[in-house]
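Have a look at the structure below before the remarks.
Residue numbers (my numbering), protein chains in the order written: chain Y, 1251 to 1361; chain H, 10 to 125.
Listed below in structure tokens is the structure:
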């Protein structure tokens, strides 16, 4: 099974940096996804980490440490439109993308 | 490229009534998923299809939920009879499983069900 933990809420100021942590205990693992979900909308894909290390994509970066069961999503130069829920999800060892999601972290960006 | 289409967007029913949701995945995606997202929680997988076959329905409450994917394209999810705790957003997603791109799931906008 999967046990995925992330903070419930975070608040930050426009232009600042926020780091959203995700820890997981799983019976197997084949990569970790981050999704963004605005209120009332569908989750949209942000990043996918399979190997240890940092993946950078514009203002968003994602880090993975498989030995520690830990990932984080780093949002830089925060904008008001970044206010959303951020979901981490684990891809099981079967690699069939049958993702298990955490409860999500609601990020509120204030002016 | 057209995304995942779902309907209806909103549905309000009384408990013990039935409801059906429809999903059309991204063209060419063989794998289709139905997820249930209760307010304040992450999506929870209900069922996964590969073409028109069920891969995993272990989390589907089969006494009241059913799903099918005839012809390996569109899918329907039915709830009969509905309970209050079924109030949630039902998300459909599709994936190429890495045959094209990373294999990430593409989600539809969801069908929001309220059971009174």
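Note that CB positions come from ideal geometry on N, CA and C, so glycine has one too.
Inset, instruction - Could you work out which residue in Y:1360, Y:1252, Y:1285 is closest to residue 1322 (chain Y) when comparing CA atoms only? - result: Y:1285
Inset, instruction - Report the residues of the segment 59 to 90 of chain H with a CB closer than 9 Å to any CB of chain Y, ordered along the chain. - result: 59, 64, 65
Legend entry - Min CB distance residue 104 (chain H) to chain Y below 8 Å: Yes, its Cβ sits closer than 8 Å to a Cβ of chain Y.
Legend entry - Chain-ordered chain Y contacts of residue 116 (chain H) [CB-CB under 7 Å]: 1292, 1293
Inset, instruction - Kindly provide the ranges of any beta strand (DSSP E) runs that are 3 or more residues long and lie completely inside the segment 20 to 80 of chain H, ordered along the chain. - result: Segments of the beta strand (DSSP E) lying fully in the segment 20 to 80 of chain H: 28 to 33, 40 to 46, 53 to 59, 62 to 65, 74 to 77.
Legend entry - Chain-order list of residues whose beta-carbon lies under 6 Å from that of residue 1358 (chain Y) (same chain, five-residue window excluded): Its chain contains 1261, 1333 as the residues whose beta carbon lies nearer than 6 Å to that of residue 1358 (chain Y), once the 5 sequence neighbours on both sides are disregarded; these appear in chain order.
Legend entry - Nearest-angstrom Cα separation, counted from residue 1361 (chain Y) out to residue 21 (chain H): 37 Å
Legend entry - Any chain H beta carbon closer than 8 Å to residue 1313 (chain Y): no
Inset, instruction - Step through the CB atoms of chain H and report whether any lies within less than 8 Å of the CB of residue 1322 (chain Y). - result: no
Legend entry - Simplified DSSP state of residue 94 (chain H), which is helix, strand or coil: helix
Legend entry - Host beta strand (DSSP E) of residue 1303 (chain Y) (start-end): 1303 to 1307 is the span of the beta strand (DSSP E), which, as asked, contains residue 1303 (chain Y).
Inset, instruction - Return no unless some Cβ of chain Y is closer than 8 Å to the Cβ of residue 17 (chain H). - result: no
Legend entry - Straight-line Cα distance separating residue 28 (chain H) from residue 102 (chain H): C-alpha separation (whole angstroms): 19 Å.
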